[in-house]
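Trainee: First to last, the sequence lines map onto chains E and B.
Everything in the first sequence is counted per this note's numbering, starting at 13 for the first residue and increasing by one.
Everything in the second sequence is counted per this note's numbering, starting at 155 for the first residue and increasing by one.
Provided herewith is a single structure, encoded as structure tokens, for subsequent inquiry.
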Amino acid sequence: MNLKNIFQTSRLTPEVFGLVLMIALVTSCSEDFLDVVPQDRIDKTTFYSTAGEVIIGVNGVYASLRSDYGNLNLFTMREARSDNGQLNPNGQSEQISLDSFNETPGNLLVLDGWTNMYRTISLANAVIQNGPNATGDPALIARAIAEAKFLRGLTYFQLVRLWGQVPLRTSITDVENAAVASSPAADVYNQIVKDVTEASAALPDSYTGGATKEVGRATKFAALALLGKVELQRGNKTAAVTALNQVIGKYSLMANYADIHKAGNDNKAESIFEANFNPSNQTGMGLPANLVYQSEMTRLGVKANGTTAPAVIPTNDLISSYEVGDLRKNATITTSVAENKPYVSKYLDLAAAAQGHDINLVVIRYADVLLSLAEALGETPTAYGYINQVRARAGLGTIDGTTPGTFIDKVMKERRVEFAFEQSRWFDLLRLPAAQVTALMSAQLTAQQGVTVIVSANDLLFPIPQPEIDLAQGLVTQNPGY
Amino acid sequence: MRKKYQTFKILLMSCLCLAFALIANAQTGKITGKVTDAQSGESLPGVNVIVKGTTIGTATDANGTYTIEAASDAVLVITAIGYVTQELEISGRSIIDISMATDVSELDEIVVVGYGTQEKRSLVGAVAKISSERIEGRPISSAEQAISGLTAGINVSQPGASPGDLATINIRGIGSISAGYSPLFVIDGYPTDQRNFAAINPRDIESIEVLKDASATAIYGSRGANGVILVTTKTAKEGKSQINFGVSTGVASIPESARPKLLNGSEYVQFYKESFANRGQAIPDYLTNWDGTSTNWQDVVYRKGAFQDYNLSASGATDKASYLISGNYIDQQGTVIGESQKKYSVRLKVDYRPTSKISFGMVAAPNVTDIRRSSPAPEDGTDWASLNSLAYLLPPIVPVRRSDGTYALPADQSILGPAGQLANPLELAEQYKRKTQLFRLLTNSYASVEILKGLTFRTSIGLNFASDKGQTLYTPTGPRFTLPNVSNLNLAQSQEIGWLSETTLNYKKVINEHSFDAIVGYTAQANREESLNGNVSSLAVNGPTLLSLGDRTTLTASNGISENTLVSALGRLNYSFKGKYLLTATVRQDGSSRFGANNRSKTFGSIGAGWLLSEEGFIKNIDFISSAKIRGSYGTTGSNGIPDFIARPSLNPVDQAFGSGLVKGVFNGDPGNSNLTWETSKKLDIGLDLSFMKNRINLVFDYYNNETTDLLLSRSLPLSSGFAGTLTNIGSMRNSGFELTLNANVVQSNDFSVTLGGNVTNNKQEVLSLGGANELFNFFGALRTVVGGELQQIRGTKAIGVVQAGDVLPAQPTAVPGDIKFEDFDGNGAIGDFLSKDGQLVGDPNLDWIYGLNASIKYKNFELFTLLQGQAGGSVYDFYVIQVGTDAQGVNLSKEFWYDGRYVSPSQPGDGKTPRAGALLATGGAAGVGFVSSLGVQKTDYLRIRNITLSYNIPSVFSEKYRIRNARLFTSVENFYTFTKFIGGNPDARRNSIGGPGLIGGSRLSGTSDGRELALTSVPSLPLPRTWTVGLTFSF
């Protein structure tokens, strides 16, 4: 019997077949069919519900911080802006403008820095807000929240020094109502002090857990050191002394200055808090690709990329500020053999490949606590003692009240060479009177560029990125002078 | 029976021949002959044969034969309904066989519509048909390249000019701000995407229908908003078993006229000396010690690429079954060294009809495409490292090879800027191997049963399988700009499996003067795509593509999964009264997994009406008008062209290093929106179809107004929120305009005919609302979408000329002659950058006009076909001329843009538009402002001679001898010439977004871009190739 006969002999079959099929299809497709659950991402609506997830959440904040510190644009804003670094004159004009104080609100590099830091804030807010509702080990959850507060405080400390008044976001963004007004710098500082104080009360002294993975998280002393720096920055010297004194003796200086940033020397005795990099899975540190001559990479046998024109190079002003015999000079600056030009060699992992350098960027180290405490104490023998600890390690003799120069100048000079290219100089300058900073920067830039450059007090803050102002429905105002 | 008839015909012919011989010299005599249909060869009864100028006439009998008395110099007029009237001189003949060509009135044409076919007569929607005639034989590897310019309302642009690059297609303008704007592609009934359209062998296509208005597209409901392109592949013709073979071969090249004009060695040295001097910098040694080298890098990178195309198909059909098998092989070399595409495709189509009421069938079309490249993909950021970029950017003072024969590099001369780190293209082509293999299989099978008279049940199941495999191996010998410094292997695979189930019930009924054609149906469709990617560096051995040969510590792997479902119910009623009043109503309800749980389903619908004026007495009597129809439609369609899962808030994993190990963290993904729903397009169309002078002139006019509401809009958020934007249903926009298509048979006779066709579309775009926001940002704010304006207008400072000696410019106090003069738009006495209040709208990318012109001239067996196509009214922010190809980078430059006409000195002030060398970096008081200014805005207008084909149909006398049914010899040239003022490459090219192709989300915080830079050019772009071919097709 052929197919034709089947249909001819049972005339109803096709209709019945068709109707059955149709009914089957219609009924089988309900809402379930349309409810496709994603398998390639984490569902945010249910995340942060356990202690383990809160820890993963706070790990993300650290990861974001890593790109805040390893970001060339922010590096430029924190270091090349100052009298330590100079931009490649043949580089991108937007980059150069960050050094020569003529950047505009539209500068995309400033926007990039802003965006990066606020990502950190947003991720920290999610942990701080969701954490208390999570189930699981309460101690672990409390620690994660304290870590997030430390990281939020640290990031706002960056923001407030770069931009002054900024939107103060302390809760999860409501996307329907996303604009937040700028808060005065004083309010931002108050929030930072609150966050960091709370963090210092809840964080452990150190991480002794079996997993090596724990090392590098924020500690109680990291929070106290940060609190001291914050108080010093906003002029509360007494509070700074109180905070910093609690850190004294808990850490020690590395014997050899050059070892601080040596590849593999992560979180050693001097380190209080670092931005952690590791070449696995593209989490290596990439700054040298923009700081080191390719010819030097080749000469030293480094597989990682260098550049024919480093984005930021040391200024002559910095090079000449090292005292004779200062061991820190050669650990920071090297002259390239082929080009015969100085470059920043502080961060160079000779084993680095395409994934970047196995070097952590130090955020706070013990030398900073010593020098910050000295600065907060003012001209006292104790203060000179702290300074001389740092100088001794650099192979230099002691200084005291009889050494020429004002006390603050001596502290600043010491900080300048101790922390050169550790993204500290610009912020240190901001603690000086505005007129002194503008005079100093005008002189340095005039010498560097060969034409008269005048830096104004308005230049001490960066412009708020124009898109932020445009999208904030009038709630965010531009800094004066832009 | 057929055979018996053939014998009879031969016998009859022989008799007639004899008769002819006997009466050849007669003055007046009996003329006999047979009238047949030109296409089918069937005899035609009832055809009128009249002696011109007399009343003598007769009609053919049942066998199609006629006999008539006429003078030997008289003229016979042969007329039949539905056929083209012929006039034939007797010229002493007594046997005249006549074959009648069908008079295909526009109205009788069968048009494919969604879920069915319709006579054009009864159509009320705006549907344009492109027949295969204009696609076949052209030197193209994909049909998407062929449809440009052939019909109104559709814009095809080719951003990439390498073999295998996809075109960008949109219908009646871009109607969405953030969602996809690509039309829906329906291939033999299977709704799919452009990738499957691009994969089809162009020779397999029977027709392409473009559905433009609501009446035509609402049946595809949710996905109809951007228009629908229906592709119907060839089916075997009944009664004929035939084999077709086609071959064509040719060569592609980038003609001199299409290449960007760049500086030669001495011009480069001259320009850069000026640039360094003007910037107050020392002139580097490589300029002062120039050795006279002047390399034309375009000659090094561009080549002639061979093109070959082989096609073989066999088909046959009886009243019970039909089959078609087709195979195609295209081998296409690119015009850039190392680029090629090989495409292998097979198509099988079978139908079986066991009874007159039941039919089954299936189509399966597997195909494989192998694409090769020798530099990074555009999405990998090839501003600096593609072979084409090197052709543009490498300084001409760099030789190809060093004196020892090795490849020279700009680093040899320590050239300043990124130019000094560029690669040598010949070396890169040897070291960079990128292969992509695409496999596509689209199948659809159906069963159809006529349950009752007029009531047909049809069900179909389709499967779409697609696999993409990519492999990139780079084995460098040193650092090259933006390329990895160590060897790298990347393997990427993705696989998509989709299925479709459709069930429809169709009822056709004629009751007196009322005619009904109704369809209801139910469809479900699902798609799942998975990808896997592995990457490793520092391979121990160069050559093998094994991840395990790489340095283990650099090994990374990642994967992705995407899935969506769609379920729909649909219905349509076509009703006509007296065959002249027409009505079509359509409804479709769709549910899509892509939207928020609260808003997944939506109903779309349309209503259309038509009036066949020419069936009315008052028009019917006007001879001049052959047919006339007024039609109009209004309805809604939707778009779900957004990524899967975007409605759900998500987090993405990220690695964090602690101590000596890595831990997992999370970054923000999509912010999510549980209320997210369909974008709706309200479409109004009013059309007029007119034919004049016995259908010799056909005109189609359409006015349309498409208003899209509930736009799926990536609303930018303040970046301090932690998100770049959120996808929301806010805002509305409008595309309105008209389309005019005119086709005319200017000359029409047996031996000679001229057909001219043209179409023009004018589109006006307007953003009506942005949900409270005044403007949207793209690309860091350089592109802005403003209420009342068009999509992604370019914002920049306005360059208003060049500073001349003696000019006083308060806003640019430090400007020197030769600097760029900017408009102080806000009048604040200073020039700010594009984001400041000095920034203004300086261009928009949206095309106002697209047009096409075609002409076909036939003389005896020859045909000359020409297709022209063009666009006007759009512009781009040209990243190449203003960002990459500038003296800030040390690269070679556009001669037209920067060199010719530049300001040199007060005595050589140039053309007043081109600044001095170095001005972009040194423009007084406004350094860097020029980078995003009107200086970098270029118009994308062009007129292209898209195709010229000369073909020759080999006479039947010759072909019959070899049992060849039909043979054609042709030569064709694609992209013959482009008239444009656009500098550098391809005006259609667009730059890829910074930050990847994703739509929105917090994961891409480095920019406020949404991934669709409509108004940014590629950097730099490859000009379209000119391809010449000769070919031969025959069937037997």
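Idealized CB from N, CA, C, for every residue including glycine.
Here the structure is a predicted model, which means the values were calculated and not measured.
Which whole runs of the alpha helix (DSSP H) in the stretch 1031–1082 of chain B are 4 residues long or more, in chain order?
Mentor: The qualifying runs are 1073–1076.
Trainee: Could you tell me the distance, in whole angstroms, from the CA atom of residue 243 of chain B to the CA atom of residue 252 of chain B?
Mentor: By 1-based counting over the second sequence, the position of residue 243 of chain B is 89. By 1-based counting over the second sequence, the position of residue 252 of chain B is 98. The alpha-carbon atoms of residue 243 of chain B and residue 252 of chain B are separated by roughly 12 Å.
Trainee: Below 8 Å on the Cβ atoms is my guess for residue 729 of chain B versus residue 821 of chain B; work out the distance and round it to an integer in Å.
Mentor: For the purposes of this step, residue 729 of chain B is taken as residue 575 along the second sequence, with counting starting at 1. For the purposes of this step, residue 821 of chain B is taken as residue 667 along the second sequence, with counting starting at 1. About 57 Å; that fails the 8 Å criterion.
Trainee: In chain B, what lies closer than 7 Å to residue 349 of chain E by C-beta?
Mentor: As a working note, residue 349 of chain E is residue 337 in the first sequence. Within chain B, no residue comes near residue 349 of chain E; the closest Cβ sits about 14 Å away, beyond 7 Å.
Trainee: Can you name, in chain order, every residue of its own chain whose Cβ lies under 8 Å from the Cβ of residue 732 of chain B, other than the five neighbours on each side?
Mentor: In the second sequence, residue 732 of chain B corresponds to position 578, counting from 1. Here the set comprises 667, 769.
Trainee: Whose Cβ in chain B lies nearer than 9 Å to the Cβ of residue 126 of chain E?
Mentor: Mapped onto the first sequence, residue 126 of chain E falls at position 114. Going along chain B in sequence order, the residues near residue 126 of chain E (Cβ under 9 Å) are 873, 874.
Trainee: Quick one: measure Cβ to Cβ for residue 1129 of chain B and residue 1063 of chain B, integer angstroms, because I've assumed they're closer than 8 Å.
Mentor: Within the second sequence, residue 1129 of chain B is the residue found at index 975, counting from 1. Within the second sequence, residue 1063 of chain B is the residue found at index 909, counting from 1. Rounded, the Cβ-Cβ distance is 38 Å, inconsistent with contact.
Trainee: Verify whether the separation of the beta carbon atoms of residue 999 of chain B and residue 946 of chain B is less than 7 Å.
Mentor: Looking up residue 999 of chain B in the second sequence gives position 845. Looking up residue 946 of chain B in the second sequence gives position 792. A contact, by the Cβ cut-off of 7 Å.
Trainee: With respect to the alpha helix (DSSP H) encompassing residue 152 of chain B, which residues constitute its N-terminal and C-terminal limits?
Mentor: Residue coverage of chain B in this structure runs from 155 to 1190, which leaves residue 152 of chain B outside it and unanswerable.
Trainee: Can you list, in chain order, the residues of the stretch 264–277 of chain E whose Cβ is nearer than 8 Å to any Cβ on chain B?
Mentor: Within the stretch 264–277 of chain E, no residue has a Cβ that lies closer than 8 Å to any Cβ of chain B.
Trainee: For residue 831 of chain B, decide whether its Cβ has a neighbour in chain E, counting only Cβ atoms nearer than 7 Å.
Mentor: Along the second sequence, one-based indexing puts residue 831 of chain B at 677. Residue 831 of chain B does not count as touching chain E.
Trainee: In chain B, which residues lie with their C-beta within 9 Å of the C-beta of residue 56 of chain E?
Mentor: One-based indexing of the first sequence puts residue 56 of chain E at position 44. Going along chain B in sequence order, the residues near residue 56 of chain E (Cβ under 9 Å) are 802, 803, 804, 805, 820, 822, 823, 824, 825, 826.
Trainee: Considering only C-alpha positions, which residue in the set B/1057, B/1061, B/387, B/1075 is nearest to residue 1067 of chain B?
Mentor: Reading the second sequence from its first residue, position 913 is the one you call residue 1067 of chain B. If we check each option's Cα against that of residue 1067 of chain B, B/1057 comes out closest.
Trainee: Quick check: residue 625 of chain B and residue 589 of chain B, are their CB atoms within less than 7 Å of each other?
Mentor: As a first step, residue 625 of chain B is located in the second sequence; it is residue number 471 there, counting from the start. As a first step, residue 589 of chain B is located in the second sequence; it is residue number 435 there, counting from the start. The answer is yes: Cβ separation under 7 Å.
Trainee: How would you call residue 578 of chain B, buried or exposed, if buried means at least 16 neighbouring beta carbons within 10 angstroms?
Mentor: Here residue 578 of chain B refers to the residue found at position 424 of the second sequence. Result: buried.
Trainee: Taking the C-alpha atoms as reference points, what is the distance between residue 651 of chain B and residue 717 of chain B?
Mentor: Here residue 651 of chain B refers to the residue found at position 497 when the second sequence is read from its first residue. Here residue 717 of chain B refers to the residue found at position 563 when the second sequence is read from its first residue. Roughly 10 Å separates the two Cα atoms.
Trainee: Buried or exposed: residue 445 of chain E, going by 16 or more other Cβ atoms within 10 Å of its Cβ?
Mentor: For the purposes of this step, residue 445 of chain E is taken as residue 433 along the first sequence, with counting starting at 1. So residue 445 of chain E ends up on the exposed side.
Trainee: What are the residues that DSSP puts in a beta bridge with residue 603 of chain B?
Mentor: Within the second sequence, numbered from 1, the residue matching residue 603 of chain B stands at position 449. DSSP, once it has assigned bridges, lists B/512, B/611 as partnering residue 603 of chain B.
Trainee: Note down, one range per segment and in chain order, each beta strand (DSSP E) of at least 3 residues found wholly within the stretch 693–728 of chain B.
Mentor: Correct list: empty.
Trainee: Which residues of chain B have a Cβ atom closer than 9 Å to the Cβ of residue 480 of chain E, listed in chain order?
Mentor: Against the first sequence, residue 480 of chain E aligns to sequence position 468. By Cβ distance, chain B contributes 872, 873, 874.
Trainee: Does residue 377 of chain E come within less than 7 Å of chain B when only Cβ atoms are used?
Mentor: Stepping through the first sequence from its first residue, residue 377 of chain E is reached at position 365. Residue 377 of chain E does not count as touching chain B.
Trainee: With contact counted as at least three CB pairs below 8 Å, one residue from each stretch, are the stretch 318–334 of chain E and the stretch 295–306 of chain E in contact?
Mentor: Cβ pair count under 8 Å is three or more, so yes.
Trainee: Helix or strand or just coil, what does DSSP make of residue 463 of chain B?
Mentor: The residue you call residue 463 of chain B lines up with position 309 of the second sequence. In this structure, residue 463 of chain B counts as strand in the three-state DSSP scheme.
Trainee: Could you spell out the range, first to last residue, of the alpha helix (DSSP H) harbouring residue 329 of chain E?
Mentor: Within the first sequence, the letter at position 317 stands for residue 329 of chain E. Unbroken alpha helix (DSSP H) run through residue 329 of chain E: 328–331.
Trainee: List, in order along the chain, the chain E residues whose C-beta lies closer than 7 Å to that of residue 1082 of chain B?
Mentor: Sequence index remark: in the second sequence, residue 1082 of chain B carries index 928 (1-based). Per Cβ cutoff of 7 Å: 105, 106, 109.
Trainee: Using the C-alpha atoms, what's the distance from residue 270 of chain B back to residue 609 of chain B?
Mentor: Within the second sequence, the letter at position 455 stands for residue 609 of chain B. Within the second sequence, the letter at position 116 stands for residue 270 of chain B. Residue 609 of chain B and residue 270 of chain B: Cα-Cα distance of roughly 14 Å.
Trainee: Does DSSP put residue 1182 of chain B in a helix, in a strand, or in coil?
Mentor: Stepping through the second sequence from its first residue, residue 1182 of chain B is reached at position 1028. In this structure, residue 1182 of chain B counts as strand in the three-state DSSP scheme.
Trainee: My guess is that residue 921 of chain B and residue 1003 of chain B are in contact by the Cβ rule of under 8 Å, so how many angstroms apart are they, rounded?
Mentor: To locate residue 921 of chain B, count along the second sequence from 1; it is residue 767. To locate residue 1003 of chain B, count along the second sequence from 1; it is residue 849. About 20 Å separates the two Cβ atoms, so there is no contact after all.
Trainee: Considering only C-alpha positions, which residue in the set B/543, B/978, B/972 is nearest to residue 964 of chain B?
Mentor: Taking the first residue of the second sequence as 1, we reach residue 964 of chain B at position 810. With distances taken between Cα atoms, residue 964 of chain B lies closest to B/978.
Trainee: Would you give the residue range spanned by the alpha helix (DSSP H) that residue 478 of chain E belongs to?
Mentor: In the first sequence, counting from the first residue as 1, residue 478 of chain E sits at position 466. Note, residue 478 of chain E: alpha helix (DSSP H), 478–483.
Trainee: In this structure, how does DSSP classify residue 9 of chain E when only helix, strand and coil are distinguished?
Mentor: Because chain E here runs from 13 to 494, residue 9 of chain E falls outside it and cannot be looked at.
Trainee: Of all the CB atoms in chain E, is at least one closer than 7 Å to the CB of residue 345 of chain B?
Mentor: Within the second sequence, residue 345 of chain B is the residue found at index 191, counting from 1. Chain E contact via Cβ: absent.
Trainee: For the stretch 684–717 of chain B, which residues have a beta carbon sitting closer than 8 Å to at least one beta carbon of chain E?
Mentor: Taking 8 Å as the Cβ-Cβ cut-off against chain E, the residues of the stretch 684–717 of chain B that qualify are 691, 692, 705, 707, 708, 710, 713, 714, 715, 716, 717.
Trainee: Report back the beta-carbon spacing between residue 159 of chain E and residue 70 of chain E to the nearest angstrom; my notes put them in contact at under 8 Å.
Mentor: For the purposes of this step, residue 159 of chain E is taken as residue 147 along the first sequence, with counting starting at 1. For the purposes of this step, residue 70 of chain E is taken as residue 58 along the first sequence, with counting starting at 1. Confirmed, about 5 Å.
Trainee: So with Cβ pairs under 7 Å, would you call residue 880 of chain B a contact of chain E?
Mentor: For the purposes of this step, residue 880 of chain B is identified with residue 726 of the second sequence, where counting begins at 1. It does: the Cβ of residue 880 of chain B has a partner Cβ on chain E nearer than 7 Å.
Trainee: Rounding to the nearest angstrom, what Cα-Cα distance links residue 200 of chain B and residue 191 of chain B in this structure?
Mentor: Your numbering for residue 200 of chain B matches position 46 in the second sequence. Your numbering for residue 191 of chain B matches position 37 in the second sequence. Rounded to the nearest angstrom, the two C-alpha atoms are 12 Å apart.
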